[in-house]
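Heads up, the thing below is written out as structure tokens.
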């Protein structure tokens with residue numbers, strides 16, 4: 062045995078035990094095994110927990126309590142934990158900020174602040190968010206001797222608009238609780254690489270436009286499904302069943318104390334062909350049609366929604382970057398084309414079509430650019446003859462100045478033509494909304510669209526056509542001090558990992 066190879070107590074212990082136990086390994090093969098173990102331990106030592114377990118293994122080996130095979134088996138587990146393949150992990154999304162008007166008082170804001178916001182018409186979020194929102198995701202991953210893997214996830218989330226450190230009206234929610242199994246050895250053929258899940262969750266393949274804080278499509282609820290069935294060489298498919306509830310809208314008010322929760326069920330088939338995605342959803346809500354939603358209209362009890370999307374790996378073929386485009390259409394309960402199964406007020410005749418396009422690229426070495434086009438038209442949505450149209454154009458431009466500082470600029474424009482056809486207290490309006498934001502931003506390390514955390518200072522100017530103030534006289538839009546042509550200022554942090 063070459064003493065040069067005995068660089069650690071663990072290596073020495075393995076050498077002694079390996080020779081003593083088997084007496085059959087040659088010097089060269091044993092040296093190679095020792096070298097492999099050394100390299101594996103070195104990689105595991107990148108985490109403190111791995112280093113601690115290495116020391117324990119070395120001690121156990123030296124005492125003769127573990128054989129070489131047992132050391133290898135336990136090292137493999139240490140390595141899986143160090144790489145995140147096994148064990149506990151923690152993920153976060155959070156934002157918190159202060160949004161003030163010219164009078165130094167809190168001002169209304171948010172990506173959905175305009176009259177079209179209630180219909181999904183988001184505008185730019187930079188310098189426009191007055192809330193504190195946090196998600197804490199707890200994961201535990203397991204790997205079994207037969208190669209099977211399991212993931213357990215719990216997600217807690219809370220949001221508030223108060224600036225106080227203690228919010229008596231905090232709405233803490235458990236938004237996800239589910240288990241997912243993958244690499245199951247008994248799954249073969251089309252199911253060889255498939256995974257199964259059950260519980261409450263966000264669908265794995267939701268995708269969004271971050272600059273607007275809007276998903277292209279958001280599928281979530283409680284149910285079960287299977288991911289990544291390989292139905293052909295270029296055809297991968299997911300199938301799921303989600304349940305949601307319209308519990309705010311009782312269908313049997315004649316029975317006091319019975320909330321009459323109406324379950325909304327979404328059966329989904331999500332298919333991928335290379336960069337293309339085709340999603341089909343069938344929706345139903347038993348007894349939902351027994352509820353009168355006003356104006357002589359009954360709510361829908363069924364519907365469908367479909368989406369065709371393309372996930373590009375360049376900036377529209379013009380340069381490096383990426384882009385996504387999606388066309389969505391729905392009828393009945395599916396006319397809420399983004400938040401599937403979340404709107405119980407839609408009529409049987411409701412229909413909506415939405416288009417979303419965005420991309421990201423570097424237009425110069427230190428300049429990032431992300432344009433967005435997002436719009437929808439819908440009719441017969443909540444009342445016979447209603448008609449809603451909105452279109453948002455948004456662009457974020459970022460200048461990376463130093464390793465820790467960048468300047469962000471965002472411009473948003475939204476056109477809306479909203480005719481509720483006499484529904485409730487709403488009035489028909491049309492007009493334009495615009496916002497421009499400047500945000501000096503600090504980061505631990507600048508670089509890329511998805512680098513967080515960051516701390517932003519910002520100033521925003523917003524203005525809109527005065528006619529839009531008449532859409533809903535009960536909303537903040539158009540209220541005293543919020544009629545357009547005004548500056549707002551603030552600070553915000555955004556974190557994810």
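Residue numbers (the working numbering): 62 to 558.
From the three backbone atoms N, C-alpha and C, an ideal C-beta is built for every residue, glycine too.
Quick caveat: nothing in here was measured; it's all calculated off a predicted structure.
N- and C-terminal bounds of the beta strand (DSSP E) containing residue 547 | Residues 547-557.
So who's on the other strand from residue 462, going by DSSP bridges?
-> Note: residue 462 sits in no beta bridge, so no partner.
Kindly indicate which three-state DSSP category residue 199 falls into: helix, strand or coil?
-> Reduced to three states, the DSSP call for residue 199 is strand.
Use the C-beta contact count for residue 216: other C-beta atoms within 10 angstroms, 16 or more gives buried, fewer gives exposed.
-> Classification for residue 216: buried.
Stretch pair the segment 487-503 + the segment 179-199: three plus CB contacts closer than 8 Å | Three or more Cβ pairs drawn from the segment 487-503 and the segment 179-199 lie within less than 8 Å of each other, which places the two stretches in contact.
Residue 341 bridges to which residues according to DSSP?
-> Looking at the DSSP output, residue 341 shares a beta bridge with 330, 367.
Rounded C-beta distance between residue 556 and residue 514? I'm assuming under 8 Å.
-> Going by Cβ atoms, the distance from residue 556 to residue 514 rounds to 4 Å, so yes, they are a contact pair.
Going by the CB atoms, is the gap between residue 290 and residue 301 shorter than 7 Å?
-> The Cβ atoms of residue 301 and residue 290 lie no closer than 7 Å to each other.
Own chain residues within Cβ distance below 8 Å of residue 153, not counting five before or after = Within the same chain, residue 153 has close Cβ partners 195, 196, 197, 198, 556, 557, 558.
Locate the beta strand (DSSP E) running through residue 390, then write down its first and last residues.
-> Start and end: 383-393.
Would you check if there are 3 or more beta carbon pairs closer than 8 Å linking the segment 271-286 to the segment 389-407?
-> Contact between the segment 271-286 and the segment 389-407 is present, because at least three Cβ pairs lie under 8 Å.
Tell me, to the nearest whole angstrom, how far the beta carbon of residue 219 is from that of residue 159; I am working on the premise that it is less than 8 Å.
-> Approximately 18 Å separates the beta-carbon atoms of residue 219 and residue 159; this is outside 8 Å, ruling out the contact.
Candidates 189, 536, 239, 498, of which the one nearest residue 211 by Cα | Taking each of 189, 536, 239, 498 in turn and checking the Cα distance to residue 211, the smallest one comes out for 239.
Hey, could you find the ends of the beta strand (DSSP E) residue 418 is sitting in?
-> Taken as a continuous stretch (DSSP letters only), the beta strand (DSSP E) holding residue 418 covers 412-425.
Residue 368 classed as buried or exposed, judged by whether at least 16 other C-beta atoms fall within 10 angstroms | With 16 or more neighbouring CB atoms inside 10 Å of its own CB, residue 368 falls in the buried class.
Can you grab the Cα-Cα spacing for the pair residue 86 / residue 242, in whole Å?
-> Residue placement at residue 86 is poorly supported in this model, since its pLDDT is 38, which falls under 50; the coordinates still yield a value, given next. In this structure, the CA atom of residue 86 is about 39 Å from the CA atom of residue 242.
For residue 387, which residues from the same chain have a beta carbon less than 6 Å from its beta carbon, with the 5 sequence-adjacent residues on both sides left out?
-> So the list reads 277, 368, 370, 417, once near-sequence residues are dropped.
Cβ-Cβ separation, residue 551 to residue 188 (assumed contact under 8 Å), whole Å | Confirmed, Cβ separation roughly 7 Å.
Element boundaries [beta strand (DSSP E), containing residue 439] | For residue 439, the uninterrupted beta strand (DSSP E) segment begins and ends at 428-440.
Which value, in whole angstroms, describes the spacing of the CA atoms of residue 449 and residue 362?
-> Between residue 449 and residue 362, the C-alpha separation is close to 22 Å.
Please confirm whether residue 454 and residue 434 have their CB atoms less than 7 Å apart.
-> In contact: residue 454 and residue 434 (Cβ atoms closer than 7 Å).
Check whether the Cβ atoms of residue 432 and residue 456 lie closer than 7 Å to each other.
-> A contact, by the Cβ cut-off of 7 Å.
Report the residue ranges of all alpha helix (DSSP H) runs contained in full by the segment 142-177; include only those spanning at least 4 residues, in chain order.
-> Listed in chain order, nothing qualifies, since the segment 142-177 has no complete alpha helix (DSSP H) run of 4 or more residues.
Could you give the DSSP three-state label for residue 63: helix, strand or coil?
-> Low local confidence applies: a pLDDT of 38 at residue 63 is under 50, so the model's placement there is unreliable, with the coordinate-based value given in what follows. Looking at residue 63 - three-state DSSP - the assignment turns out to be coil, as it is neither helix nor strand.
Considering residue 296, what are the terminal residues of the beta strand (DSSP E) in which it resides?
-> Start and end: 296-306.
Decide if residue 385 is buried, meaning its Cβ has at least 16 other Cβ atoms within 10 Å, or exposed.
-> Under this definition residue 385 is a buried residue.
Return helix, strand or coil for residue 91, following the three-state DSSP convention.
-> Confidence at residue 91 is low in this model, with a pLDDT of 48, below 50, so the placement of that residue is unreliable and no value is reported for it.
Span of the beta strand (DSSP E) holding residue 234?
-> Counting along the chain, residue 234 sits inside the beta strand (DSSP E) bounded by residues 234-243.
Residue 473 versus residue 507: straight-line alpha-carbon distance, rounded | Looking at the two C-alpha atoms, the distance is approximately 24 Å.
Counting only the same chain and skipping the five closest in sequence on each side, list residues whose C-beta sits under 6 Å from that of residue 169.
-> Counting only Cβ-Cβ distances below 6 Å, and skipping sequence neighbours, we find 537, 543.
Could you give the residue range of the beta strand (DSSP E) that holds residue 560?
-> Residue 560 is absent from the model: the chain starts at 62 and stops at 558.
Would you give the residue range spanned by the beta strand (DSSP E) that residue 515 belongs to?
-> First-last of the beta strand (DSSP E) with residue 515: 515-525.
Proximity below 7 Å, CB of residue 287 to CB of residue 255 = Their beta carbons are under 7 Å apart, which means residue 287 touches residue 255 by this criterion.
Quick one: measure Cβ to Cβ for residue 325 and residue 394, integer angstroms, because I've assumed they're closer than 8 Å.
-> Right, the Cβ-Cβ distance comes to about 7 Å (below 8 Å), so this counts as a contact.
Taking 7 Å as the cut-off, decide whether the C-beta atoms of residue 444 and residue 482 are in contact.
-> Yes. Within cutoff.
By Cβ distance, which residues of its chain are closer than 7 Å to residue 343, with the 5 residues on each side in sequence left out?
-> Answer for residue 343: 328, 365, listed in chain order.
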